[in-house]
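Visitor: Here it is: the structure, laid out below.
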Amino acid sequence: MKSEVFYVKSGDALLRGAAYSPGEGGRQAAVCFCHGLPRQAKPVEEKGYSALAKGLAEEGFVSFIFNFQGTAGSGGFFSLSSWSRNLVDVLGYVTSLKNVDPGRVFVVAFSMGAIAATGIAATDERVSGFVCCSCPYDAEQFYTMLREGVRIANTEGVIRLRREEELSELEQDLKKLNPMLFISRISPKPLLIIHGENDEVFPVEEAYKLFRAAKQPKDILILKGVGHYVRGSKEAVDYITKWLKEHT
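Residues in the sequence shown are numbered from 44 upward in steps of one, following my numbering.
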């Protein structure tokens, strides 16, 4: 397995990420991970995402993790619409690589990263399939809670807002990027929804709403005894790996 740091320009921000490849010849299927709202001021390379990416590289995938703008490891300032644009630009980089099969690029996104990614998964033809983890059906409904989470993260230096007044833009971004607007449009691409039964941020009913609104092909995994942070679940990781291999 090989690993390397990469950089992608996205608007005015320079994003940093890490790529892990199996080291085999030819073009491989790729997986791009999207993190959620951070709890600590650390880049994704220093969190559990690197273990996820390495695990998939060992299974034959070229795996990518990156830091959304306004978080540790990347430049720029936070906004949800910017996160959506960041993913578009990272996909441009990923599909340009000689060791990536541009027809087999999957997105695995978590929480706020999944909110930003759902519309891209539905509308960007470079995305071959989508794993949507710990995501609300109606993100607008959670505006007050999400706004407070972003405000606290900014105050604690976990993310960077240009000005605290820009918090008001979050409501419009949630309205524009609301997963409920896009989930039915992911088909005919395969979709996997994963949610913790005891999710304390977005209740598990949100996952069932997403699943009911989505069209085939679709799968759902509800993790018993698991809360919001599903990437720490071995069952989730094993299921994602199996699902990706079945769809490549």
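All C-beta atoms in this analysis are idealised placements derived from N, C-alpha and C, irrespective of residue type, glycine included.
Could you have a look at E209 and say whether DSSP puts it in helix, strand or coil?
Guide: E209 carries a helical assignment under DSSP once its states are collapsed to helix, strand and coil.
Visitor: Check whether the Cβ atoms of T161 and P222 sit closer than 8 Å, and answer yes or no.
Guide: Yes, Cβ-Cβ distance for T161 and P222 is below 8 Å.
Visitor: Determine, using beta carbons only, whether A182 and I237 come nearer to each other than 8 Å.
Guide: It is not a contact, given that the beta carbons lie outside the stated cut-off.
Visitor: What are the residues that DSSP puts in a beta bridge with T166?
Guide: T166 pairs with nothing; no bridge assigned.
Visitor: Per DSSP, what kind of secondary structure is L134 in: helix, strand or coil?
Guide: Looking at L134 - three-state DSSP - the assignment turns out to be helix.
Visitor: When we look at the beta-carbon of D55 and count the other beta-carbons within 10 Å, is it buried (16 or more) or exposed?
Guide: Classification for D55: exposed.
Visitor: According to DSSP, which residues form a beta bridge with S276?
Guide: None; S276 has no bridge partner.
Visitor: With H, G and I counted as helix, E and B as strand and the rest as coil, what does DSSP make of V269?
Guide: Of the three classes helix, strand and coil, the one that applies to V269 here is coil, per DSSP.
Visitor: Does A257 come out as helix, strand or coil in the three-state DSSP assignment?
Guide: coil
Visitor: Once DSSP output is grouped into helix, strand and coil, what is the label at Q215?
Guide: When secondary structure is reduced to three states using DSSP, Q215 falls in the helix class.
Visitor: My assumption, with CB atoms under 8 Å, is that L287 sits in contact with K261. Please give the rounded CB distance.
Guide: Between L287 and K261, the beta carbon gap of about 15 Å keeps them out of contact (Cβ cut-off 8 Å).
Visitor: Rounded to the nearest angstrom, what separates G270 and E240 at their Cα positions?
Guide: 6 Å
Visitor: Just the Cα atoms here: how many angstroms apart are L95 and A257?
Guide: 26 Å
Visitor: Could you check where the beta strand (DSSP E) with G146 kicks off and where it finishes?
Guide: Where G146 is concerned, the enclosing beta strand (DSSP E) stretches over 143–153.
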